[in-house]
Each structure stands twice: as C-alpha cells, then as structure tokens.
Amino acid sequence: DQQVKQNSPSLSVQEGRISILNCDYTNSMFDYFLWYKKYPAEGPTFLISISSIKDKNEDGRFTVFLNKSAKHLSLHIVPSQPGDSAVYFCAASDLGSSNTGKLIFGQGTTLQVKP
Amino acid sequence: DSGVTQTPKHLITATGQRVTLRCSPRSGDLSVYWYQQSLDQGLQFLIQYYNGEERAKGNILERFSAQQFPDLHSELNLSSLELGDSALYFCASSVQPGATGELFFGEGSRLTVL
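Chains W and L, in that order, give the protein sequences. According to the working numbering, the first sequence is numbered sequentially starting from 7. According to the working numbering, the second sequence is numbered sequentially starting from 1125.
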C-alpha cells in the first residue's frame, strides 16, 4: 500500500529552466508534507515543507504547491542549477493525529540538470 | 553535517548472520527513527523510539529488532540475514515527535548480504 507516490522515476531539464517534481498521496490524514534531497553516499536532507492549511510555500528558488482536493503536491525549482541534480523524495506525516512524527516517503525522482 | 552519526558506513556479511547498526542522534533529540532503502525503492519506515520507548512500528520484519538506550543512541539488530536484506539503512532523529515534521538523517549504513 503505497500511500505516497512519485510516478516519475527521473526528470531531465536544462540549466536555468524550471524543474517540476510531482507527488501524490492517498491518506487524507496527512497534514504535513516535506521534500528531501539526497545526493549519492549522503543521507536525505530537508529541503522545504508545507502544512495542509496552506497551498503554497516558497523558499528562494524552491516552491511547494499543495492541492488537497487532488491529494497532490509539487515542487518547483526555478531556475534549475546543475547542483540541484539529486534524488528528490516527497514525504508526508499525520502530525495532528498520530503524534509519532514518522514520515512516509515516496519512491523518489532523480533530477538531472544539464549545463 | 546533520549531526546524526551512523556506524558502520559499510558492512558485508553472509546469509544467516547477525549484524548491529548503531545510531547516535543529534544532541538534544529524543526521538530516533529507522528507515530501510532497498535498490530503487523509497525509504521504508521500520521503527521509531522516543526517549527509550518504542513509539511507532512500520513494516519491520520479526528478524529485526531495535532499542534506544538511556544515552539516547539506538541500535538496529538484523538477524538470520537474507540476500533481500541488502539495503541502505538510515537513522533519523528529531527533538520530539511532531515538533516540526522535519527529521534529520544520518549518512546511512550500507549492508550487503552475500
């Protein structure tokens, strides 16, 4: 039962263009969503998050959009840079109900930004 | 550097053996989470401890067990190892469950079972 899904295993974009990574979820109890970035031989690092009471959160070149009715979120990176090449994981949590803080992760999308 | 330390970084062993993976959380963090990442898979939640007590359990096999010690470090024990247990095992920590949602991950322990 995959509660968080990233249907695109990989994405390739040109430097300077926009990268859009997508994520779908099935559990309506999820109330907090996060994106993590992972480079080879390193652990995942937190990138940006959004609460379910918002529909957009922006941090520099990174913006996360949440569409609760569609149970869909996306990460926009503008402009994309070669250093953004990494695996991006979408994650979700039901902070309000479970009080565990555990994150449920998608399978990841490998982003390649070409110079 | 996330502040979460995992040892060993790499481990090669044979089927049927037992290994222990160790995790030291960030200073001040009370909650520890263990995740497994198999080839081309996402991170699968295994188990969570908070201040020494089990708080949540995921799809952790009965052959696997974990504990958190009084100094808050945690160990994940994997026994009767099978080829399919080969994976990256990540430890993550947070101050307390549900504080901000963010977990801080270590660099992982890569287990290879031959």
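The beta-carbon is built from N, C-alpha and C at its ideal position, and this holds for glycine as well.
Inset, instruction - Give the range of the beta strand (DSSP E) segment to which S99 of chain W is assigned. - result: In the first sequence, the residue the question calls residue 99 of chain W occupies position 93. Unbroken beta strand (DSSP E) run through S99 of chain W: A92 to S99.
Legend entry - Integer Cβ distance of L1196 of chain L from L1154 of chain L, believed to fall under 8 Å: To locate residue 1196 of chain L, count along the second sequence from 1; it is residue 72. To locate residue 1154 of chain L, count along the second sequence from 1; it is residue 30. Indeed, because the Cβ distance is near 7 Å, the residues count as touching under 8 Å.
Legend entry - Within chain W, the residues that L1227 of chain L reaches when beta carbons sit closer than 8 Å: What you label residue 1227 of chain L is simply residue 103 of the second sequence in a count that begins at 1. Neighbours of L1227 of chain L in chain W, taken as residues at a C-beta separation under 8 Å, are given in chain order as F52, G107 and L109.
Inset, instruction - Run down chain W in chain order and give the residues with a C-beta less than 9 Å from the C-beta of E1231 of chain L. - result: Taking the second sequence and counting its residues from 1, one reaches residue 1231 of chain L at position 107. Neighbours of E1231 of chain L in chain W, taken as residues at a C-beta separation under 9 Å, are given in chain order as A47, E48 and G49.
Inset, instruction - Verify the CB distance criterion: does L117 of chain W have a CB-CB separation below 8 Å to chain L? - result: For the purposes of this step, residue 117 of chain W is identified with residue 111 of the first sequence, where counting begins at 1. With 8 Å as the cut-off, L117 of chain W does not count as an interface residue toward chain L.
Legend entry - Start-end ranges of the beta strand (DSSP E) lying completely within the region 47-73 of chain W, minimum 3 residues: 51-57, 62-65 and 68-73, all fully within the region 47-73 of chain W.
Inset, instruction - Run the CB neighbour count on T106 of chain W, radius 10 Å, all protein chains shown included, and call it buried at 16 or more, exposed below. - result: As a first step, residue 106 of chain W is located in the first sequence; it is residue number 100 there, counting from the start. Classification for T106 of chain W: buried.
Inset, instruction - Rank W:T69, W:M35, W:S75 and W:N73 by C-alpha distance to the C-alpha of Q9 of chain W and give the top, closest one. - result: Position 3 of the first sequence, counting from 1, holds the residue named residue 9 of chain W. The residue among W:T69, W:M35, W:S75 and W:N73 with its C-alpha nearest the C-alpha of Q9 of chain W is W:M35.
Inset, instruction - Specify the secondary structure class of L1207 of chain L as computed by DSSP and reduced to three states. - result: Translated into positions along the second sequence, residue 1207 of chain L becomes position 83. It is helical.
Inset, instruction - Could you work out which residues of chain W lie near A1180 of chain L, taking near to mean beta carbons separated by less than 7 Å? - result: The residue labelled residue 1180 of chain L in the question sits at position 56 within the second sequence. For A1180 of chain L, the chain W residues whose Cβ falls inside 7 Å of its Cβ are T106 and K108, in order along the chain.
Inset, instruction - Please say whether K74 of chain W and T32 of chain W have beta carbons closer to each other than 8 Å? - result: By one-based count along the first sequence, residue 32 of chain W stands at place 26. By one-based count along the first sequence, residue 74 of chain W stands at place 68. Their beta carbons are not under 8 Å apart, which means T32 of chain W does not touch K74 of chain W by this criterion.
Legend entry - Local conformation of S104 of chain W per DSSP, three classes: The residue labelled residue 104 of chain W in the question sits at position 98 within the first sequence. For S104 of chain W, the three-state secondary structure derived from DSSP is helix.
Inset, instruction - Using a Cβ cut-off of 9 Å, pull out every chain L residue sitting near F95 of chain W, in sequence order please. - result: Counting from one through the first sequence, the residue named residue 95 of chain W turns up at place 89. Residues of chain L passing the Cβ test: G1166 and L1167.
Inset, instruction - Rounded to whole angstroms, what's the CA-CA distance from N63 of chain W to P85 of chain W? Just pull it up for me. - result: Residue mapping note: residue 63 of chain W aligns to position 57 of the first sequence, counting from 1. Residue mapping note: residue 85 of chain W aligns to position 79 of the first sequence, counting from 1. About 16 Å.
Inset, instruction - Return the bridge partner residues of Y1213 of chain L from the DSSP annotation. - result: What you label residue 1213 of chain L is simply residue 89 of the second sequence in a count that begins at 1. In DSSP, Y1213 of chain L forms a bridge with L:Q1160 and L:S1233.
Legend entry - Rounded separation between I24 of chain W and P1132 of chain L - CA only: In the first sequence, the residue the question calls residue 24 of chain W occupies position 18. In the second sequence, the residue the question calls residue 1132 of chain L occupies position 8. Annotation: I24 of chain W to P1132 of chain L spans about 38 Å, alpha carbon to alpha carbon.
Legend entry - Same chain, Cβ closer than 8 Å to N1183 of chain L, five either side skipped, listed in chain order: For this step, residue 1183 of chain L is matched to residue 59 along the second sequence. Excluding the 5 residues flanking it on each side, N1183 of chain L has same chain C-beta neighbours closer than 8 Å at Q1168, F1169 and L1170, in chain order.
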